[in-house]
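Reviewing the structure listed below.
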Amino acid sequence: MAAPRLFLLLCLLVAFAACLPQRKNQPGSRSKAPPPRAQQEDDEQFSDECPEPNGYFADAEQCDKYYACTEGVIEERLCPDGMVFNDFSSQHEKCDLPFGIDCSQRPKLQTPQPSTHCPRKHGYFAHADPKICDKFYYCVDGMFNAITCPDGLVYSAKTGICTWPDEAQKKHCSSEDVFNFSCPKTNQTGMAIHPRYADPEDCQFFYVCINGETPRRNGCMLGKVFNDATKSCDSVKNVPECKDWYKGILTDAELERLDKPKPKPKTPSESATTAPHRSRRPSQKAKPAEVSHEEDEA
């Protein structure tokens, strides 16, 4: 009786084991955790980080935007319209006009806030008429001031100042357009590198042709006229065609005074530095002093 029961118990154990779920393991294989996802950094995440705990840092794309960091806390800031952030030093918060600041790598700008003669609230701006070369506008907080360049100069949008027409390189504002004068073409040897020519309409002025090609207008002092024969400023007496140029403007006495100005008196400091005058020289060279030798007493 014991043997059949033992056999039956073994059969039940085998049947029970066969009903259990089987785990299939391949030789050499191990279970792995899924690989971590690559961290994606967008512009917002990058801008939320300070390069240094304290300082002012330019935006990577927009020239008039920057960030102020205080103890690691970042704050986005914007320059006034028309100005850009000057990133010369992270220790200084400074917005400047764009002249001289390189924005080629961050060319974006805020939306303009235009007003009369002012494309933006701050800055220097050319006249709306491209053929008006010597006038421009200076805008502060949207209010404009009209400015005229000195005679012979034009406004340069590249530098924000008045300069020679050939340096501004502005369309409709070339040297020939502004002066209505062209340097004569010549092949003569021995001429000056920058020859001078009289202004055909103004005795006081003349043109200097840079390298014989580009005219620049220059003028003589009041009371003088340009002598085309000597290529220099001269008295009206020596230039017959300009003898009456200052008539009704200066009297003969004023012309004479300008023609022969009195020498300026020396100032006390200049007089003090003048070397003293020696009235006479010694008749013979001074003899060197004789050195006496004392004998030691015994």
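Numbering (mature numbering (1 follows the signal peptide of the UniProt record, and there is no 0)), first residue to last: -19 to -1, 1 to 279. The beta-carbon is built from N, C-alpha and C at its ideal position, and this holds for glycine as well.
Host alpha helix (DSSP H) of residue i (start-end)
| i | result |
| --- | --- |
| F106 | Unbroken run through F106 is the beta strand (DSSP E), G104 to A107; no alpha helix (DSSP H). |
| S156 | S156 to F160 |
| E235 | D233 to D240 |
Helix, strand or coil at residue i [DSSP, three-state]
| i | result |
| --- | --- |
| residue 280 | Missing from the structure shown is residue 280; the chain here goes from -19 to 279 and no further. |
| A173 | coil |
| K218 | helix |
| E148 | helix |
| C223 | helix |
| T51 | strand |
| G36 | strand |
| F186 | strand |
| F66 | strand |
| D110 | coil |
Residues of its chain near residue i, where Cβ-Cβ distance is below 6 Å and the 5 sequence neighbours each way are ignored
| i | result |
| --- | --- |
| G53 | C31 and P34 |
Option in the options with minimal Cα separation from residue i
| i | options | result |
| --- | --- | --- |
| Y136 | G123, M124 and Y119 | Y119 |
| N67 | F80, E56 and H98 | F80 |
| S96 | L78, M124, E157 and D77 | M124 |
| N219 | C60, D180, L59 and D240 | D240 |
| Q72 | L59, D122, L78 and A39 | A39 |
| D233 | G133, V217 and R58 | V217 |
| S156 | I128, A173, R198 and D122 | R198 |
Cβ shell of residue i (< 7 Å), same chain only, five flanking positions each side left out
| i | result |
| --- | --- |
| H108 | K116 and F117 |
| D62 | Q91, P93, Q94, R101, K102 and H103 |
| A179 | F187, F207 and D209 |
Span of the beta strand (DSSP E) around residue i
| i | result |
| --- | --- |
| residue 291 | Residue 291 falls outside the range modelled here, since the chain spans only -19 to 279, and no answer is possible. |
| F117 | K116 to V121 |
| F207 | K205 to N208 |
Close Cβ partners of residue i (< 8 Å) along its chain, the five nearest in sequence each way excluded
| i | result |
| --- | --- |
| E148 | S137 |
Handout entry: Segment contact, 8 Å Cβ cut-off, at least three pairs: the segment 157 to 167 with the segment 189 to 208
Key = yes
Exercise for the section: Determine, using beta-carbon pairs with one atom in the segment 140 to 153 and one in the segment 181 to 189, whether at least three such pairs fall under 8 Å. Expected result: no
Exercise for the section: Determine contact between the segment 227 to 239 and the segment 203 to 216, defined as no fewer than three beta-carbon pairs at a distance below 8 Å. Expected result: yes
Exercise for the section: Assess, as a yes-or-no matter, whether the segment 74 to 92 is touched by the segment 36 to 51 under the definition of 3 or more beta carbon pairs within less than 8 Å. Expected result: yes
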